Amino acid sequence: MRIPVAVPAGREIDVVGLGQNTVDHLCVVERFPAPDTKQRLQALAVEPGGQIATALVALRRWGVRATYLGTFGDDEAGAVSRASLESEGVDVAHAPVRSGQPNQLSVILVDARTGERTVLWHRPPALALAPGEVPRAVIAGARVLHLDGADGEAALAAAAMARATGVVTVADIDMAFPELDRLVALVDVLIVSWEFARTLTGAAAPEAALQNLGRRGAAVVGVTLGSAGALLAAGGRVLGVAGHAVATVDTTGAGDLFHAGFIWAMLAGLDLEPALRLANAAGALQCTRLGGRRAIPTLAEARALAGL
């Protein structure tokens, strides 16, 4: 089955990503701490991250032309985050630096027993991208727009521009915000975690959540299920894929890589089922190393695990 979206050809940019960048402080702990306790870290790593930024880095490493739209603080963390994208070849020419503002930071507690993580983050409101800062020419020059909804008004403006200019919009949303329903109506591919799908839809099972999400306007909807794999629905069909038996070290960035894998597959013209397999494999491999960026698998690794 073909993916039921028409990805345009002949554009200057393959993917424009609008959303968060951050600097992650990954803290590996023996167990999640109880109140009023102290615990020595088993490992500590500091590296740039963020849903959209990490997905763009993965796509760039896989040969995709990528542009980032988002803001940076003017502190050391902001400089590190911006430089990390530039060094990978992601275009940040249209990403403003907010004077006098610190960059977004995250503290990620990783359970050494399971690799599961809890994310604590801080993002000053002044880092929000305004709708007027979204460059229409950049959106119109892309094949795919990738959003996380962190800046709801800007994301809504970008999605409207994308819809008007034939750009396919993909969304990786993990929290509710005022513009959510209007944004989802403009999204072509909506893939979310089961945790968020359950919160958003009130569904008791992933299949019911898929049905609910499918009524919101996207041509392709998906629910990721962690180690259990993922489900996609499109054109009245539901496809599922089982999880891979990998040694999980850290689940940070698994969803980012799932989206990157699906976007790469769309750009490459893959059908829906192999696209799902590639996305699932990329997300699984991301869990085998600590950190969002250093864990990114090569395209060859993801394709091999997916059997492509």
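Heads up, the sequence shown is in my numbering, so the first residue is 1 and it goes up one at a time. All C-beta atoms, glycine included, are put in the ideal place defined by N, C-alpha and C. Please read all numbers here as calculations on a predicted model, not as lab measurements.
Rounded to whole angstroms, what is the Cα-Cα separation between residue i and residue j?
i	j	result
Val249	Ala164	42 Å
Val317	Ala79	Outside the modelled stretch of the chain, which goes from 1 to 308, sits residue 317, for which no answer is possible.
Gly132	Gly261	30 Å
Ala137	Asp14	14 Å
Ala9	Arg143	7 Å
Leu210	Arg61	31 Å
Gly100	Asp74	6 Å
Val167	Ala242	31 Å
Gly283	Gly255	6 Å
Gly63	Leu56	11 Å
Arg31	Leu290	16 Å
Arg277	Ala306	5 Å
Val28	Gly269	39 Å
Val110	Ala247	14 Å
Could you work out which residue in the options is closest to residue i when comparing CA atoms only?
i	options	result
Gln286	Met266, Thr252, Val64, Val29	Thr252
Glu368	Pro102, Glu116, Leu59	In the structure as shown, the chain begins at 1 and stops at 308. Residue 368 is therefore absent and cannot be evaluated.
Asn212	Gly226, Leu232, Ala228, Ser227	Leu232
Leu156	Leu180, Val221, Ile173	Leu180
My output table needs one value for residue i: the three-state DSSP class, helix, strand or coil.
i	result
Phe32	coil
Glu116	coil
Pro274	helix
Gly222	strand
Pro8	coil
Phe196	helix
Val187	coil
Arg98	strand
Pro48	strand
Leu129	coil
Thr309	The displayed coordinates of the chain run from 1 to 308. Any statement about residue 309 would go beyond what the structure contains.
Gly17	strand
State the start and end residues of the unbroken alpha helix (DSSP H) segment that holds residue i.
i	result
His259	254-268
Ser87	76-88
Thr67	First-last for Thr67: 66-69, but that is the beta strand (DSSP E), not the alpha helix (DSSP H).
Keeping to the same chain, check which residues put their C-beta closer than 6 Å to that of residue i; ignore five residues upstream and five downstream.
i	result
Ala150	Gly19, Gln20
Val46	His25
His122	Leu105
Near residue i, which residues of its chain fall below 8 Å by C-beta distance, leaving aside the five closest residues on each side in sequence?
i	result
Ala208	Thr201
Can you give me the Cβ contacts of residue i inside the same chain, cut-off strictly under 7 Å, excluding the 5 residues immediately before and after it?
i	result
Pro124	Gln101, Pro102
Considering just the uninterrupted stretch of the beta strand (DSSP E) at residue i, what are its terminal residues?
i	result
Arg163	No beta strand (DSSP E) holds Arg163; the alpha helix (DSSP H) holding it covers 152-164.
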